[in-house]
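**Q**
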Amino acid sequence: MLKNDAQAFEYCWQWFLKKRQDFLTWDLGILSLDLIRIDHRCQETIFGRRLAYLLCIACLFFFTMGAALARDMPTFIVMRILSGCSGTFFHVCGQTILAEYFPPTQRGTATGFFLSGSVLGPPLGPCIAGIITNFTSWRVLLWLQCVMIGIGFILSACIVPPAKADRGFGLINMPLRKGLAQFNPLPVFKLMKYPNIGFSHLSCGFLSFSQYFLLAAPRQILANEFHMTSPLASGLFYIAPAAGFLLGTVVGGRLSDYTVRSWIIERGGLRLPQDRLNGGIPWLFLVIPPASLIYGWGMELGNLSHHSGGLAFPIVFVFVIAFGQLAAFACLNTYCAEALPRKRREVIAGKYAVQYAFGACACAGAGPLIKVIGVGSACTIAILVLISAVLVWATAKYGLKMQMWAEREQESLPRLSQSQNGKNRQDEHLS
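Be aware that the sequence shown starts at 924, since it is given in my numbering, and climbs by one per residue.
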């Protein structure tokens, strides 16, 4: 099957779509990869930041090469899954580095530019894939990825700084046997007992659901409404969300820093991490929900979209939705790196675990949901992002109080346990 040239990816898509159970199995595989993300912090603990970063890039390179050389579908899927495992370390490590080296009033802008690379991948990937597979072999796309990964390896070897606790490049920080004991995901989940951390993770999850629903839906919408079925046509449509994501993450990062500086002036020099969340609230309440409803129901009614400019209608509103999503994401991503400075790696890892779990659900459900209830009703469900808006507002207003309450509860547990043990010993003595 994979020996076909230009139509290989197209055929794979149709194969998965016809066998929905296999499509869901693929998506559950993505979800299982996401769970691996939560314990990548241990790689840095054992090997040091710089060496772990380069090892992950090397694994990503060889697994991508394996996918390019695959001769059957099972091998291709396994190689792509393994490449996903090795490629999840960079998000956590990158945001941790930015939080260490940039002051709070510049951290949002730095995070925005950092995320501009990762957020361009989901929309530009289908665009470039559609162009390549329309004119040449699908394997060219994977070889292009290998070249890009190789360039990334060279740049990372020159730029990525070591952590303060690293012993030196090429030296592991602890014996491997002791390091294996560090592979425990519980510290990541335990931090979610802080309401502000849990709320921010859920907010990112609902935003990710909206984002990946937006990315998964266009292919089916274009086929149904505009009868555009070629991979080239559907791929070019993704330029609109790509532009929205790029501008949204850069503008949102700058706006979050501006919000922080404004609150510092208002408080007379005092800065709180949750201040920057105020910059994301307007996007969550006033931009994403109405734009999603207009986009979905405009496409559902048909006449509205055709009378409003045909294909220009979905392009404009997809751009607006994408811009709002990433402008809100820029504030949340930076806040997760600031809320608990001593545990920022665990907080960021937990955020990505929740975020991409919701994204996997959106990828699995978008196509079948649109087919059953229509794009209008499906986009109405996608505005669950309003829940994210409420959670962000609550965290921005009461985040510090939430964190202090959780810390008091944590401190009271040992005292309660000690008093209970003392009472038990007293009862034993009396008996």
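We put the beta carbon where it would ideally sit given N, CA and C, even for glycine.
If you draw a straight line from the C-alpha of THR1318 to the C-alpha of GLY1171, how long is it?
**A** Using only the alpha carbons, I get a separation of about 22 Å.
**Q** For PRO1291, name the three-state secondary structure that DSSP assigns.
**A** Here PRO1291 sits in helix by DSSP.
**Q** What whole-angstrom Cβ distance do VAL1015 and LEU1249 have, given they're in contact under 8 Å?
**A** About 19 Å separates the two Cβ atoms, so there is no contact after all.
**Q** Can you give me the Cβ contacts of GLY1073 inside the same chain, cut-off strictly under 8 Å, excluding the 5 residues immediately before and after it?
**A** Only PHE984 meet the Cβ criterion.
**Q** Buried or exposed: which applies to VAL1243, given that a residue is buried once 16 or more other Cβ atoms fall within 10 Å of its Cβ?
**A** It counts as buried.
**Q** Flag this pair as yes or no: are the beta carbons of CYS1069 and THR987 separated by less than 8 Å?
**A** Result yes, Cβ atoms of CYS1069 and THR987 sit closer than 8 Å.
**Q** So LYS1113 is in the alpha helix (DSSP H); what residue range does that whole segment cover?
**A** Unbroken alpha helix (DSSP H) run through LYS1113: 1109-1113.
**Q** Who are the near neighbours of ARG1267 in its chain, counting only those whose CB is closer than 7 Å to its CB and skipping five residues on each side?
**A** Excluding sequence neighbours, ARG1267 sits near THR1019, ALA1022, ALA1260.
**Q** Taking 8 Å as the threshold (beta carbon to beta carbon), is TRP1316 in contact with chain D?
**A** Checking the listed chains, one finds no chain D in this structure; it contains a single protein chain.
**Q** As a quick exercise: from LEU1307, ALA1285, MET1115, TYR976, pick the residue whose alpha carbon is nearest that of PRO1084.
**A** Measuring from the Cα of PRO1084, the nearest candidate turns out to be TYR976.
**Q** Just the C-alpha distance for SER1179 and SER1126, rounded to the nearest angstrom, thanks.
**A** Between SER1179 and SER1126, the C-alpha separation is close to 16 Å.
**Q** Can you round the beta-carbon distance between GLY1355 and TRP1220 to whole angstroms, since I take them to be within the 8 Å contact cut?
**A** The question about residue 1355 has no answer here: the residues shown for the chain are numbered 924 through 1354.
**Q** By a C-beta neighbour count over all protein chains shown, 10 Å radius and 16 as the cutoff for buried, is THR1034 buried or exposed?
**A** Counting Cβ neighbours within 10 Å, THR1034 comes out buried, since at least 16 surround it.
**Q** In this structure, does DSSP put GLU1334 in helix, strand or coil?
**A** Three-state DSSP puts GLU1334 in a helix.
**Q** Measuring CB to CB, does GLY1247 end up less than 8 Å from ILE1211?
**A** Yes, the Cβ-Cβ distance between GLY1247 and ILE1211 is below 8 Å.
**Q** State buried or exposed for ARG1190, treating a residue as buried only when at least 16 other CB atoms are found within 10 Å of its CB.
**A** By the neighbour-count rule (16 or more Cβ atoms within 10 Å), ARG1190 is not buried but exposed.
**Q** Answer with buried or exposed for HIS1352, where buried requires no fewer than 16 other C-beta atoms within 10 angstroms of its C-beta.
**A** Low local confidence applies: a pLDDT of 39 at HIS1352 is under 50, so the model's placement there is unreliable, and no value is given.
**Q** Helix, strand or coil: which one does DSSP assign to PHE1122?
**A** Looking at PHE1122 - three-state DSSP - the assignment turns out to be helix.
**Q** Nearest to ARG972 by CA position, among GLY1075, ALA1080, ALA1086, ARG994, is which residue?
**A** Answer by Cα proximity: ALA1086.
**Q** Quick check: does the Cβ of THR987 come within less than 7 Å of any heavy atom belonging to the ligand ADP?
**A** The model depicted lacks the ligand ADP and carries no ligand whatsoever.
**Q** In angstroms, rounded to a whole number, what distance separates the CA positions of ILE1144 and SER1131?
**A** Approximately 20 Å between the Cα atoms of the pair.
**Q** Classify LEU1137: buried if its beta carbon has 16 or more other beta carbons within 10 angstroms, exposed otherwise.
**A** Looking at its Cβ environment, which holds 16 or more other Cβ atoms inside 10 Å, LEU1137 is buried.
**Q** What first and last residue would you give for the alpha helix (DSSP H) that runs through THR1032?
**A** From DSSP, the alpha helix (DSSP H) with THR1032 extends over 1027-1058.
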